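**Student:**
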Amino acid sequence: MLERIIISGFGGQGIMLMGRLLAYAGMLEGKNVAWMPSYGPEMRGGTANCTVLISSKEIGSPIVSHPKILIAMNQPSLDKFEPNVSENGLIILNDSLIEREVNRDDVSVIRIPADDIADKLGNSRAANMVVLGACVKKSKVVKMETIFKALEKTLAGRNQDLINLNKEALKQGAELVED
Amino acid sequence: MGEKMLMKGNEAIGEAAIRAGCRFYFGYPITPQSELTAYMAKKLLKMKDAAFVQAESEIAAISMVYGAAATGARAMTSSSGPGISLKQEGISYLACAELPCVIVNIQRGGPGLGSIQPGQADYFQATKGGGHGDYHLIVLAPSSVQELVDLTMDAFDLADKYTNPAMILGDGLIGQMMEAVEFKERKKIDLPDKEGWILTGCKGREKKYIVPFNLDPYEMEKINLKIQEKYKKIIEKEIRYEAINLDNADLIVVAYGTVARIVKTVIDNAKKEGINIGLIRPITLFPFPEKIIAETSEKINKVLVVEMSYGQMLEDVKLAANGKAEINFYGRAGGVVPTQFEILTEIKKYLT
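Those protein sequences? They're chains W and F, same order as listed. In terms of my numbering, the first sequence is numbered consecutively and its last residue is 180. In terms of my numbering, the second sequence is numbered consecutively and its last residue is 356.
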């Protein structure tokens with residue numbers, strides 16, 4: 002098994018953290034993982050993306066041209082990566098910030114009103130976790146419990162309220178999708 | 005010990021260096037290796053009998069390494085292309101003075117200020133003596149974050165064993181990437197005692213000198229012969245490489261570092277199309293694994309060298325094959341990473 006995931010959005014949406022949690026959870030489940038950030042001369046508010054690979058075998062190329070899963074947190078991300086998603090792939094998009102339809106008809110699409118849900122939870126910055134929760138439940142790349150574990154490890158030392166909020170956001174995102 | 009951690013390449017080098025006993029780091033930040041400088045600041049500033057200095061320049065940083073190494077301490081500096089160029093004077097001095105140290109180059113696209121994306125165009129500079137004079141560094145080329153850890157620790161041992169600077173030659177991709185790493189318990193190895201040559205204050209004993217020159221040409225020639233003798237030993241004993249799928253391969257790819265990983269994916273995909281590709285991945289770039297390349301290229305006769313440069317390691321592969329095989333080349337540079345699809349297309353060209 003080789004999961005290829007691209008997560009994209011604007012700087013500040015917590016894109017890198019989403020990727021790190023997936024990679025961390027993959028590692029906790031005994032898989033080989035790689036996480037690659039886009040790095041470059043980006044402006045504040047500019048685009049940010051990262052790649053996550055989770056594999057039962059040694060990971061060769063860490064570069065993903067055709068992701069099986071695309072998480073698009075804003076419209077420029079969908080515009081940029083939609084054409085590259087592999088056939089029968091999955092696009093999970095942030096419905097709060099993306100109005101247009103997906104042009105591809107050979108991929109599954111899930112729309113999550115992430116910012117709206119996060120706002121209702123009292124912290125708009127948790128939108129990333131809402132989408133991640135939906136992604137994990139739908140794709141099963143890792144188990145939800147492992148994401149919780151990864152979250153606790155990654156945010157260790159931060160206040161427990163923040164961890165609980167993120168967990169709640171993950172759960173609410175998961176509830177929006179079917180198994 | 006033994007627990008897996010998810011670490012960024014640059015930070016993994018820092019942790020490995022500290023675990024290998026490095027307590028002195030001098031550097032100047034530059035993308036794509038700045039996380040290493042930041043990691044050393046975070047850790048070393050809290051440690052006893054340790055020093056971290058963000059130097060005023062790269063030339064100052066490498067000279068501080070010279071000073072720390074002369075006292076017998078394990079010292080390190082790191083940079084990327086442009087900064088490593090500035091360090092060349094000091095690197096040549098360290099090699100001449102036979103001082104052990106570790107220098108990390110997380111390569112980016114060149115030449116000039118270049119780009120901040122990954123590159124491999126500093127191969128000549130690293131392996132052929134980027135500074136003046138006849139000298140070599142021990143050059144190690146990691147291909148995964150775990151290997152960054154293992155080779156960083158090895159680099160300190162090799163530097164001490166041969167009293168010679170060692171270089172980790174990575175690139176922006178491996179420096180920025182996160183993978184699972186494990187800091188394994190390492191076998192204790194016997195290293196030469198430094199007492200005889202280190203400078204620790206001359207009170208109550210004869211003065212000692214560690215200088216990178218001798219104005220008498222015959223004496224200077226002796227220094228040269230001594231270090232050349234050392235390089236022979238290094239070539240004899242320290243060559244490392246990974247070889248995959250060499251039996252019955254239709255074509256052999258020679259690639260190192262990040263590019264070798266991409267080639268591993270190419271090998272898997274080519275297999276599905278009935279194409280059998282082998283890989284020789286040099287882990288030490290100096291000493292270069294000539295023998296395996298010579299033997300394999302004579303048998304298989306079709307070789308493709310792939311690099312993020314316009315053909316630098318290519319020259320060493322050609323020297324190794326010595327005219328006995330058809331050596332082809334594919335490279336992207338300036339910060340562009342060759343894709344698995346491009347490499348497979350290139351391979352197919354030579355198989356028809």
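By construction, the Cβ of each residue, glycine as well, lies at the ideal position given by its N, Cα and C atoms. Quick caveat, the model's predicted, so the values are computed rather than measured.
Confirm, please, whether the CB-CB distance from F:Asn109 to F:Ser83 is below 8 Å.
**Tutor:** Against the second sequence, residue 83 of chain F aligns to sequence position 79. Against the second sequence, residue 109 of chain F aligns to sequence position 105. Contact flag set, yes.
**Student:** How far does the beta strand (DSSP E) with F:Gln58 in it extend, from its first residue to its last?
**Tutor:** Within the second sequence, numbered from 1, the residue matching residue 58 of chain F stands at position 54. 55-58 is the extent of the beta strand (DSSP E) around F:Gln58.
**Student:** Quick test of your reading: F:Ile266 and F:Ile284, contact by CB under 8 Å. State the CB separation rounded to the nearest angstrom.
**Tutor:** For the purposes of this step, residue 266 of chain F is taken as residue 262 along the second sequence, with counting starting at 1. For the purposes of this step, residue 284 of chain F is taken as residue 280 along the second sequence, with counting starting at 1. Contact doesn't hold; Cβ gap of about 15 Å is too wide.
**Student:** Please state whether DSSP places F:Tyr354 in a helix, a strand or coil.
**Tutor:** As a position in the second sequence, residue 354 of chain F is number 350, starting the count at 1. The answer is coil: DSSP assigns F:Tyr354 none of H, G, I, E or B.
**Student:** In chain W, which residues lie less than 7 Å from F:Met312 when you measure between Cβ atoms?
**Tutor:** Residue 312 of chain F sits at position 308 when you count from the first residue of the second sequence. By Cβ distance, chain W contributes nothing, its closest Cβ being about 12 Å from F:Met312, past 7 Å.
**Student:** In the DSSP assignment, find the unbroken beta strand (DSSP E) run with W:Gly1 in it and report its ends.
**Tutor:** Residue 1 of chain W is absent from the model: chain W starts at 2 and stops at 180.
**Student:** DSSP three-state label for F:Lys198, please.
**Tutor:** Numbered from its first residue, the second sequence carries residue 198 of chain F at position 194. Reduced to three states, the DSSP call for F:Lys198 is coil.
**Student:** Just to confirm, is the Cβ distance from F:Ile281 to F:Ala253 under 8 Å?
**Tutor:** For this step, residue 281 of chain F is matched to residue 277 along the second sequence. For this step, residue 253 of chain F is matched to residue 249 along the second sequence. Yes, the Cβ-Cβ distance between F:Ile281 and F:Ala253 is below 8 Å.
**Student:** Under 7 Å between beta-carbons, which chain C residues line up against F:Thr41? List them in chain order, please.
**Tutor:** Absent from the structure: chain C. Protein chains present are W and F.
**Student:** Tell me whether W:Val137 sits in a helix, a strand or coil according to DSSP, three-state version.
**Tutor:** Taking the first residue of the first sequence as position 1, residue 137 of chain W is located at position 136. Note: W:Val137 maps to helix in three-state DSSP.
**Student:** Chain F partners of W:Ser66, CB-CB under 9 Å?
**Tutor:** One-based indexing of the first sequence puts residue 66 of chain W at position 65. Thr343, Gln344, Phe345, listed in chain order.
**Student:** Per DSSP, which one or two residues make a beta bridge with F:Thr81?
**Tutor:** Taking the first residue of the second sequence as 1, we reach residue 81 of chain F at position 77. F:Thr81 pairs with F:Ile107.
**Student:** For a contact defined as C-beta to C-beta under 9 Å, what are the partners of W:Met37 on chain F?
**Tutor:** In the first sequence, counting from the first residue as 1, residue 37 of chain W sits at position 36. Residues of chain F passing the Cβ test: Leu177, Gln180, Met181, Met182.
**Student:** Can you give me the C-alpha to C-alpha distance between F:Glu102 and F:Val215, rounded to a whole angstrom?
**Tutor:** Sequence index remark: in the second sequence, residue 102 of chain F carries index 98 (1-based). Sequence index remark: in the second sequence, residue 215 of chain F carries index 211 (1-based). The straight-line gap from Cα to Cα measures roughly 9 Å.
**Student:** Rounded to whole angstroms, what is the Cα-Cα separation between W:Phe82 and W:Gly47?
**Tutor:** Sequence index remark: in the first sequence, residue 82 of chain W carries index 81 (1-based). Sequence index remark: in the first sequence, residue 47 of chain W carries index 46 (1-based). Cα-Cα distance, rounded: 15 Å.
**Student:** Return the bridge partner residues of W:Met37 from the DSSP annotation.
**Tutor:** Here the question's residue 37 of chain W lines up with position 36 in the first sequence. DSSP output for W:Met37 lists W:Thr52 as bridge partner(s).
**Student:** Among the candidates W:Ser140, W:Glu179, W:Val103, W:Asn95, whose CA atom is the shortest distance from the CA of W:Val131?
**Tutor:** Translated into the one-based positions of the first sequence, residue 131 of chain W becomes position 130. Nearest of W:Ser140, W:Glu179, W:Val103, W:Asn95 to W:Val131, Cα basis: W:Asn95.
**Student:** Suppose the cutoff is 6 Å on Cβ atoms and the five residues either side in sequence are ignored; what does the same chain contact list for F:Met224 look like?
**Tutor:** Locating residue 224 of chain F in the second sequence gives position 220, counting from the first residue. Within the same chain, F:Met224 has close Cβ partners Asn218.
**Student:** To the nearest angstrom, how far is it from the Cα of F:Cys66 to the Cα of W:Ser57?
**Tutor:** On the second sequence, residue 66 of chain F is found 62 positions in, with the first residue counted as 1. On the first sequence, residue 57 of chain W is found 56 positions in, with the first residue counted as 1. What sits at residue 66 of chain F in the sequence shown is Ile, not Cys. For F:Ile66 and W:Ser57, the distance between alpha carbons rounds to 42 Å.
**Student:** Using beta-carbon positions only, say whether F:Leu177 and W:Pro77 come within less than 8 Å of one another.
**Tutor:** In the second sequence, residue 177 of chain F corresponds to position 173, counting from 1. In the first sequence, residue 77 of chain W corresponds to position 76, counting from 1. No, these two residues do not count as a Cβ contact at 8 Å.
**Student:** Can you check which of these residues, F:Phe290, F:Gln129, F:Glu294, is closest to F:Pro86 by C-alpha distance?
**Tutor:** Within the second sequence, residue 86 of chain F is the residue found at index 82, counting from 1. Out of F:Phe290, F:Gln129, F:Glu294, F:Gln129 has the C-alpha closest to the C-alpha of F:Pro86.
**Student:** From W:Met74 to W:Ala115, what distance separates their C-alpha atoms?
**Tutor:** Residue mapping note: residue 74 of chain W aligns to position 73 of the first sequence, counting from 1. Residue mapping note: residue 115 of chain W aligns to position 114 of the first sequence, counting from 1. Looking at the two C-alpha atoms, the distance is approximately 9 Å.
**Student:** Jot down the residue ranges of each uninterrupted beta strand (DSSP E) in the stretch 72-135 of chain W, minimum 3 residues, whole runs only, in chain order.
**Tutor:** Runs of the beta strand (DSSP E) inside the stretch 72-135 of chain W: 91-95, 109-113.
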